[in-house]
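Here the sequence shown stands for residues 1 to 412, where the numbers follow the numbering used here. A virtual CB, placed ideally from N, CA and C, is assigned to each residue, including glycine.
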Amino acid sequence: MRLTAFKYSQFAFYTILKKKSSIILPIFTLISSLIIGMILKFVVNSKYVELLSFLYIFILITLTVVFSCIKALNIFKDLEQEGLEIISLSKPLTRESLIIGKLLCLTFFGLIWSLTLLVSGFLSLYATYSFLYLFLTSLLLAFVGLITYLLFSLFTVLLSYKLSQKISMIIPFVLFIPLSLSGMILSSNVKSNVDQAAFFINKEYKNHHSGNEVNAEPYYLNNKDELFLIPNGVNNKEFSLEQVKYLEDVVNYSNSSSNLWQTYSWLSIPYQLVDVFNFKNKNLFASLSDKSNSNLDKYIYYKNLDDISYKYKLEKKPSVQKYLVDSKNKTYKYIVPGILKSHSIHTSKNDNTSGHEEIVDFDIIYAADGADNKDKEFLEDKNQLHTDNKTNLVGRLRWVYVYEALNDPIFN
Numbered sequence: 001m002r003l004t005a006f007k008y009s010q011f012a013f014y015t016i017l018k019k020k021s022s023i024i025l026p027i028f029t030l031i032s033s034l035i036i037g038m039i040l041k042f043v044v045n046s047k048y049v050e051l052l053s054f055l056y057i058f059i060l061i062t063l064t065v066v067f068s069c070i071k072a073l074n075i076f077k078d079l080e081q082e083g084l085e086i087i088s089l090s091k092p093l094t095r096e097s098l099i100i101g102k103l104l105c106l107t108f109f110g111l112i113w114s115l116t117l118l119v120s121g122f123l124s125l126y127a128t129y130s131f132l133y134l135f136l137t138s139l140l141l142a143f144v145g146l147i148t149y150l151l152f153s154l155f156t157v158l159l160s161y162k163l164s165q166k167i168s169m170i171i172p173f174v175l176f177i178p179l180s181l182s183g184m185i186l187s188s189n190v191k192s193n194v195d196q197a198a199f200f201i202n203k204e205y206k207n208h209h210s211g212n213e214v215n216a217e218p219y220y221l222n223n224k225d226e227l228f229l230i231p232n233g234v235n236n237k238e239f240s241l242e243q244v245k246y247l248e249d250v251v252n253y254s255n256s257s258s259n260l261w262q263t264y265s266w267l268s269i270p271y272q273l274v275d276v277f278n279f280k281n282k283n284l285f286a287s288l289s290d291k292s293n294s295n296l297d298k299y300i301y302y303k304n305l306d307d308i309s310y311k312y313k314l315e316k317k318p319s320v321q322k323y324l325v326d327s328k329n330k331t332y333k334y335i336v337p338g339i340l341k342s343h344s345i346h347t348s349k350n351d352n353t354s355g356h357e358e359i360v361d362f363d364i365i366y367a368a369d370g371a372d373n374k375d376k377e378f379l380e381d382k383n384q385l386h387t388d389n390k391t392n393l394v395g396r397l398r399w400v401y402v403y404e405a406l407n408d409p410i411f412n
């Protein structure tokens, strides 16, 4: 029976291969991929390459749905309508062998299409990824294409036994487009819960030195997807109960920010087939806007690593290494950015020459070695270009200037 089914699959394969759609669609896809690859490499601004590559993958998956529907109807309906199935049944061939043979033939075309997508990936995505990622992405595209092909071709076969060929082909296509696009629209309007929490952390309050309601200073460290918060003020060693309660409420409220997208991404198979290529679960459409829509982008060392598929939690005792600061008493403490902790939004208006009351315990006050000795001479004393009393012997180092320096590409 197996041999008979295989022979029938060969007969059906060579018969369907003669149809125009079996040749035109793969060739059209390969030529389009070559053109798209050249456009992405030499024409498109690098800012939009990732988005356009993702959209082209979406088009390739859509073409997969079209190709699978056509081949399913060719194999399971056209052979019957053209009388070729009757000729086959006149030979010693069971109904079971016939169905297995058709499924094998359907799989053969799926493998051909999968190979087409593999080559298309290499031709169109080389401007987006390094060679290793290009190879892996192309393999993934071939695999997802095969899964998509089998799912929608079998779905089309089931529909064709109850509905006409046109409707059987239209329904999968109509279902795939809206379901996948809806997920893409949802993902472009969803923020991770840590991004949503940052919205509340950033709420302005001018009476606090930090400038925000919670009076905390956020920062990232070591290129990790971990947001650290420290209480503002060099004398504030830990958060108050009110601050902890504020942060707990913020995180609890923000946890629902991506629930709708997460639920939809689990339930919508068409969207899953496309979203698997958004490797970092980012809003790829953000590149269309010149303004960042992230609430985290002003935090030092933020590397855009937050993921909308994750739920970030508030950890009161972070897993950060403590260092020995007192060998006699064996005291271990966290090392935090002191200039950030002593940052104040008010010191920019209150310097040594402003006439306002001096704000103490904020910013970093520096002085040259020996600046308190009036008899010691410095190079600045001999510089006749100084026409005022300001020198760099003593001064105030503010966080805002350090932030600008650390964001310079030289430091990254």
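If you draw a straight line from the alpha carbon of residue 55 to that of residue 48, how long is it in whole angstroms?
For the purposes of this step, residue 55 is taken as the residue at position 55 of the sequence shown. For the purposes of this step, residue 48 is taken as the residue at position 48 of the sequence shown. Straight-line measurement puts the Cα of residue 48 at about 11 Å from the Cα of residue 55.
State buried or exposed for residue 196, treating a residue as buried only when at least 16 other CB atoms are found within 10 Å of its CB.
On the sequence shown, residue 196 is found 196 positions in, with the first residue counted as 1. Answer is buried; the Cβ neighbour count reaches 16.
What whole-angstrom Cβ distance do residue 367 and residue 393 have, given they're in contact under 8 Å?
The residue given as residue 367 occupies position 367 in the sequence shown. The residue given as residue 393 occupies position 393 in the sequence shown. About 7 Å separates the two Cβ atoms, so the contact holds.
Using a Cβ-Cβ cutoff of less than 7 Å, which residues in the same chain neighbour residue 75 once the five nearest sequence positions on both sides are dropped?
Within the sequence shown, residue 75 is the residue found at index 75, counting from 1. Cβ within range, chain order: 12, 16, 102, 105 and 106.
Which first and last residues belong to the beta strand (DSSP E) in which residue 331 is found?
In the sequence shown, the residue the question calls residue 331 occupies position 331. First-last of the beta strand (DSSP E) with residue 331: 331-333.
Jot down the residue ranges of each uninterrupted beta strand (DSSP E) in the region 218-299, minimum 3 residues, whole runs only, in chain order.
Correct list: 227-231.
Under 8 Å between C-beta atoms of residue 220 and residue 300
Taking the sequence shown and counting its residues from 1, the one referred to as residue 220 is at position 220. Taking the sequence shown and counting its residues from 1, the one referred to as residue 300 is at position 300. The answer is yes: Cβ separation under 8 Å.
State the Cα-Cα distance for the pair residue 157 and residue 168, rounded to the nearest angstrom.
Within the sequence shown, the letter at position 157 stands for residue 157. Within the sequence shown, the letter at position 168 stands for residue 168. So the two alpha carbons sit approximately 8 Å from each other.
Here's the rule I'm using: 16 or more other beta-carbon atoms within 10 Å means buried, otherwise exposed. How should residue 114 be labelled?
Along the sequence shown, read from residue 1 onward, the residue named residue 114 stands at position 114. The C-beta of residue 114 has 16 or more other C-beta atoms within 10 Å across all chains shown, which makes the residue buried.
For residue 204 and residue 289, I'd like the C-alpha separation in whole angstroms.
In the sequence shown, the residue the question calls residue 204 occupies position 204. In the sequence shown, the residue the question calls residue 289 occupies position 289. If I take the Cα positions, the gap works out to 25 Å.
Completely contained alpha helix (DSSP H) runs for the region 168-211, where each covers 4 or more residues
Inside the region 168-211, DSSP marks whole alpha helix (DSSP H) runs of 4 or more residues at positions 193-201, from first to last along the chain.
Using C-beta distances below 8 Å, list every residue in its chain close to residue 148, excluding the 5 sequence neighbours before and after it, in chain order.
On the sequence shown, residue 148 is found 148 positions in, with the first residue counted as 1. Result list for residue 148: 61, 64, 65, 68 and 273, in chain order.
Kindly list the residues whose CB is nearer than 6 Å to the CB of residue 331, restricted to its own chain and excluding five residues on each side of it in sequence; keep chain order.
Mapped onto the sequence shown, residue 331 falls at position 331. 325, listed in sequence order.
Residue 129 in three-state terms, based on DSSP:
The residue labelled residue 129 in the question sits at position 129 within the sequence shown. If DSSP states are grouped into helix, strand and coil, residue 129 belongs with coil.
Under 8 Å between C-beta atoms of residue 187 and residue 128:
Taking the first residue of the sequence shown as 1, we reach residue 187 at position 187. Taking the first residue of the sequence shown as 1, we reach residue 128 at position 128. Contact: no.
Touch test, the region 252-261 against the region 28-35, Cβ-Cβ under 8 Å, three pairs minimum
no
Residue range of the alpha helix (DSSP H) that includes residue 395:
Position 395 of the sequence shown, counting from 1, holds the residue named residue 395. Not the alpha helix (DSSP H): residue 395 falls in the beta strand (DSSP E), residues 394-397.
Between residue 396 and residue 369, how many whole angstroms is the CB-CB distance? I'm expecting something under 8 Å.
On the sequence shown, position 396 is the one that residue 396 refers to. On the sequence shown, position 369 is the one that residue 369 refers to. The Cβ separation is near 17 Å, so there is no contact.
Simplified DSSP state of residue 354, which is helix, strand or coil:
On the sequence shown, position 354 is the one that residue 354 refers to. Unreliable placement is indicated for residue 354, whose pLDDT of 42 sits below 50; the coordinate value is still reported in the next sentence. Coil at residue 354, not helix or strand.
Residue 90 in three-state terms, based on DSSP
Within the sequence shown, residue 90 is the residue found at index 90, counting from 1. Unreliable placement is indicated for residue 90, whose pLDDT of 49 sits below 50; the coordinate value is still reported in the next sentence. It is coil, neither helix nor strand.
On the three-state DSSP scale, how would you describe residue 142?
Translated into the one-based positions of the sequence shown, residue 142 becomes position 142. Looking at residue 142 - three-state DSSP - the assignment turns out to be helix.
Using only the alpha-carbon positions, how far apart do residue 267 and residue 41 sit?
Your numbering for residue 267 matches position 267 in the sequence shown. Your numbering for residue 41 matches position 41 in the sequence shown. Whole-angstrom Cα-Cα distance: 35 Å.
Endpoints, the beta strand (DSSP E) within which residue 367 is located:
For the purposes of this step, residue 367 is taken as residue 367 along the sequence shown, with counting starting at 1. It spans 364-367 - the beta strand (DSSP E) in which residue 367 sits, taken as one unbroken run.
My output table needs one value for residue 66: the three-state DSSP class, helix, strand or coil.
The sequence position of residue 66 within the sequence shown is 66, counting from 1. Residue 66: helix per DSSP, three-state reduction.
Cα separation between residue 406 and residue 134?
Within the sequence shown, residue 406 is the residue found at index 406, counting from 1. Within the sequence shown, residue 134 is the residue found at index 134, counting from 1. In a straight line, the C-alpha of residue 406 is about 33 Å away from that of residue 134.
Anyone know if the C-beta pair for residue 212 and residue 202 falls short of 8 Å?
Here residue 212 refers to the residue found at position 212 when the sequence shown is read from its first residue. Here residue 202 refers to the residue found at position 202 when the sequence shown is read from its first residue. Yes. Within cutoff.
For residue 216, which three-state DSSP category applies?
Translated into the one-based positions of the sequence shown, residue 216 becomes position 216. Residue state, collapsed to three classes: strand.
Can you look up residue 134 in the DSSP assignment and give me helix, strand or coil?
The sequence position of residue 134 within the sequence shown is 134, counting from 1. In the structure shown, the three-state DSSP call for residue 134 is helix.
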